[in-house]
Amino acid sequence: MNLGEDIARMLSAYWDKFLLGLAGTLILSVVGTGIGLLLGIFLALGKRLRPKKNDPLYLKIAKGAGLGLCSAYSAVVRGTPMMVQALLFKYGCMMLGVNWNNILPGIDVFNGWMVAGLIVITLNTAAYMGEVVLSGLNGVDKGQSEGARSLGLSSSQTLWSVVLPQALRNAIPTIGNEWIVNIKDSSVLNVIGVAELYFAAYNAANDSYAFMASYLIIAVIYLLLTMLSNLVLKLVGVKLEGKSIFRFRHGRRAIA
Amino acid sequence: MSILTVSNLKKSFDGESVLEDVSFTLEKGDCLAILGNSGSGKSTLLRCINLLERPDSGTILFEGENILSHSANENRLRSRINMVFQSFNLFANMSVLDNCMLAQRKVLRRSKEEARRISLENLAKVGLKEKCDALPSTLSGGQKQRVAIARSLCMNPEIILFDEPTSALDPMMVAEVCNVMSSLREEGVTMILVTHQIEFARNISSKTLFLHQGKVDLCAPTEEAFLHPSPRFAEFLKVERSL
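If you read the sequences in order, they're chains X and R.
Take 1 as the starting number for the first sequence in this note's numbering and just add one per residue.
Take 1 as the starting number for the second sequence in this note's numbering and just add one per residue.
Following this line, the structure appears as structure tokens:
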């Protein structure tokens with residue numbers, strides 16, 4: 001039997017598994033990147049905490065603790081592989097008697113340890129997004145926040161209305177890259193039984209012994225997914241270049 | 001009662017003294033020109049009044065209230081003593097209209113309609129109503145500074161602080177901004193102006209303060225200051241006019 005026939009046979013016999021795996025990968029990458037970005041914003045803000053000379057003691061301690069915690073979290077998560085984090089999460093949960101297996105019965109895509117996988121990829125992405133957002137925040141001209149403060153806006157109003165929208169806008173290419181990385185790296189979550197694309201191919205290959213065909217199919221799917229994502233990111237980039245087409249209004253993104 | 005009384009203000013950065021015992025008063029409707037060489041502490045003084053910098057010691061009484069006391073509401077005070085910057089500091093992510101509306105909505109809690117109406121009125125005052133939908137990046141330097149002035153006017157501030165508002169502009173644009181400021185002066189807006197435009201400062205201001213190495217060398221009504229300058233101020237004027 002040649003490779004072409006193998007591929008056709010695999011697609012016809014296991015298309016539903018591949019489709020489910022594709023849905024799992026998309027959910028992991030989109031949700032992981034989205035919520036990871038939100039958490040990353042708070043992580044970046046934590047890493048910008050600096051006790052001031054005039055702060056009361058409790059505030060100095062709180063700021064120091066916040067800075068230390070966020071920095072430690074970022075260092076630990078970025079310094080260990082996501083596969084190892086997934087295994088530690090799974091066995092840690094099992095030790096504590098928490099079972100994430102099939103906690104959303106009836107929804108195929110959430111079979112197995114998908115929810116745990118979502119938590120792992122989100123927490124992992126948050127650490128990287130924290131750095132992305134931090135560099136975006138540092139890239140916004142100091143005059144922007146001074147302009148806002150000089151008009152009477154509070155620190156938080158200045159942050160959410162003026163500084164953060166600009167920081168995120170500057171960081172969109174890097175945020176997009178994180179999304180693409182997540183599409184591919186979500187495959188390591190198969191080690192804890194998350195039903196994503198690699199997991200589907202692995203099971204199909206073991207079932208049919210058509211290893212080459214199975215992995216070739218998902219290689220093409222991954223490539224198509226990343227190419228499609230790149231295209232989306234390029235379109236966003238083009239929109240951003242067009243000054244009047246895409247802009248942020250009062251902290252909300254609006255396409256005018 | 002003076003609207004602003006600055007007394008014995010001191011500020012240093014990393015042990016280097018920038019302001020030393022600076023004192024002056026400002027009456028409502030006054031225009032105070034602060035002159036001095038680069039590094040003499042002019043901008044730091046304005047930043048202290050706007051609370052962007054905390055002085056090491058001294059008092060700043062605004063309408064009788066010490067704005068440096070810990071109980072003072074910094075944000076409320078800043079909304080009443082606005083600042084216009086050399087580098088404009090317009091919000092790059094917002095249109096001209098949104099730049100003018102943001103602080104009105106967030107700080108003064110004005111309704112969207114009211115904020116919009118006031119913004120358009122003030123943009124018309126600086127001759128930029130038709131640019132309300134433009135982004136700051138599409139404006140010339142002079143236009144940006146006029147928007148910054150309109151943005152400040154929208155807050156109905158008691159005092160506007162101008163920190164070298166024309167330094168980053170070419171002569172044509174300097175004229176645009178100076179004209180706007182002159183009309184504000186005629187309307188009786190209280191302002192403090194830091195500038196190197198000596199003749200403009202002389203024409204527009206009612207009072208002149210000359211800073212030398214962080215200390216007040218001269219503080220007098222403008223005509224008197226220019227007619228009877230202190231030796232250092234006379235030397236400063238000579239050098240500036242020769243440029």
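Glycine included, every Cβ here is placed at the ideal spot set by N, Cα and C.
Cβ-based burial, residue i [other Cβ within 10 Å; buried from 16]
i, result
"X:S214", "buried"
"X:G79", "exposed"
"X:M212", "exposed"
"X:L228", "exposed"
"X:E196", "buried"
"R:R54", "exposed"
"R:D30", "buried"
"R:N99", "buried"
"X:D185", "buried"
"X:K90", "buried"
"X:W113", "buried"
"R:A150", "buried"
"R:V126", "buried"
"X:S161", "buried"
"X:G147", "buried"
"X:S29", "buried"
Helix, strand or coil at residue i [DSSP, three-state]
i, result
"X:N230", "helix"
"R:N89", "coil"
"X:F248", "Bear in mind that the predicted position of X:F248 carries a pLDDT of just 41, short of 50, making it unreliable; the figure below should be weighed with that in mind. Strand at X:F248."
"X:K60", "helix"
"X:N182", "helix"
"X:D55", "coil"
"R:M155", "coil"
"X:K243", "With a pLDDT of 44 at X:K243, under the threshold of 50, the modelled position of this residue cannot be trusted, and the question is left open."
"X:A132", "Reading off the sequence shown, one finds Val at residue 132 of chain X, where the question assumed Ala. Residue state, collapsed to three classes: helix."
"R:G141", "helix"
"R:M83", "strand"
"X:E196", "coil"
"X:D16", "helix"
"R:S23", "strand"
"R:I160", "strand"
"R:A33", "strand"
"X:L168", "helix"
"R:Q60", "Note that residue 60 of chain R is Ile in the sequence shown here, rather than Gln. DSSP places R:I60 in strand when its eight states are reduced to three."
"X:N2", "coil"
"R:E16", "strand"
"R:E187", "coil"
"R:C100", "helix"
"R:K28", "coil"
Beta-carbon spacing of residue i, residue j below 8 angstroms
i, j, result
"X:N139", "X:N170", "The question names Asn, yet the displayed sequence has Gly at residue 139 of chain X. Yes, these two residues count as a Cβ contact at 8 angstroms."
"R:K42", "R:I34", "yes"
"R:T166", "R:V180", "no"
"X:M127", "X:V77", "Residue identity differs from the one stated: residue 127 of chain X is Ala in this sequence, not Met. Going by C-beta atoms, X:A127 is nearer than 8 angstroms to X:V77."
"X:N203", "X:T125", "no"
"R:L32", "R:S205", "yes"
"R:Q104", "R:L128", "no"
"R:S183", "X:G143", "no"
"R:I3", "R:I159", "yes"
"X:L233", "X:P173", "yes"
"R:F210", "R:G58", "no"
"R:V147", "R:V96", "yes"
"R:N82", "X:S187", "no"
"X:G130", "X:S208", "no"
"X:G32", "X:L168", "no"
"X:G92", "X:G66", "no"
"R:S40", "R:G214", "yes"
"X:L134", "X:V163", "no"
"R:E240", "R:I198", "yes"
Distance cut-off 7 angstroms: residue i Cβ against heavy atoms of the ligand FMN
i, result
"X:T122", "Among the ligands in the structure shown, none appear at all, so the ligand FMN cannot be discussed."
Determine which residues of the stretch 152-173 of chain X have a Cβ less than 8 angstroms from any Cβ of chain R, and write them out in chain order. G152, L153, S154, Q157, S161, V162, P165, Q166, R169
Listed from N- to C-terminal order along the chain, which residues in the stretch 135-147 of chain X have their beta-carbon within a distance smaller than 7 angstroms of any beta-carbon of chain R? Going along the stretch 135-147 of chain X in chain order, one finds G143, Q144, E146, G147 with a Cβ nearer than 7 angstroms to chain R.
Contact between the stretch 3-21 of chain X and the stretch 214-233 of chain X (3+ Cβ pairs under 8 angstroms): yes
Where the stretch 198-213 of chain X meets chain R: residues whose CB sits under 9 angstroms from a CB there: Here the close residues number zero.
Using 8 angstroms as the threshold, is the stretch 73-81 of chain R in touch with the stretch 53-61 of chain X, meaning 3 or more CB pairs across them? Output reads no: the stretch 53-61 of chain X does not touch the stretch 73-81 of chain R.
Would you call the stretch 81-91 of chain X in contact with the stretch 180-194 of chain X, where contact means no fewer than 3 C-beta pairs closer than 8 angstroms? yes
With a cut-off of 8 angstroms, do at least 3 Cβ pairs link the stretch 17-26 of chain R to the stretch 113-124 of chain X? Segments in contact, no.
Taking contact to mean at least 3 C-beta pairs separated by less than 8 angstroms, is the stretch 191-207 of chain R in contact with the stretch 153-170 of chain R? yes
So if I threshold CB-CB distances at 8 angstroms, which residues from the stretch 47-69 of chain R count as touching chain X? N50, L52, R54
Mind listing which residues of the stretch 29-54 of chain X have their C-beta closer than 8 angstroms to chain R's C-betas, in chain order? Answer in chain order: N54.
Taking a cut of 7 angstroms between CB atoms, which residues from the stretch 166-188 of chain R lie near chain X? none
For the stretch 97-116 of chain R, which residues have a CB atom closer than 7 angstroms to at least one CB atom of chain X, in sequence order? From the stretch 97-116 of chain R, only D98, L102, A103, K106, V107 have a Cβ closer than 7 angstroms to chain X.
Quick one, which residues of the stretch 22-41 of chain R are near chain X if we go by CB-CB under 7 angstroms, in chain order? none
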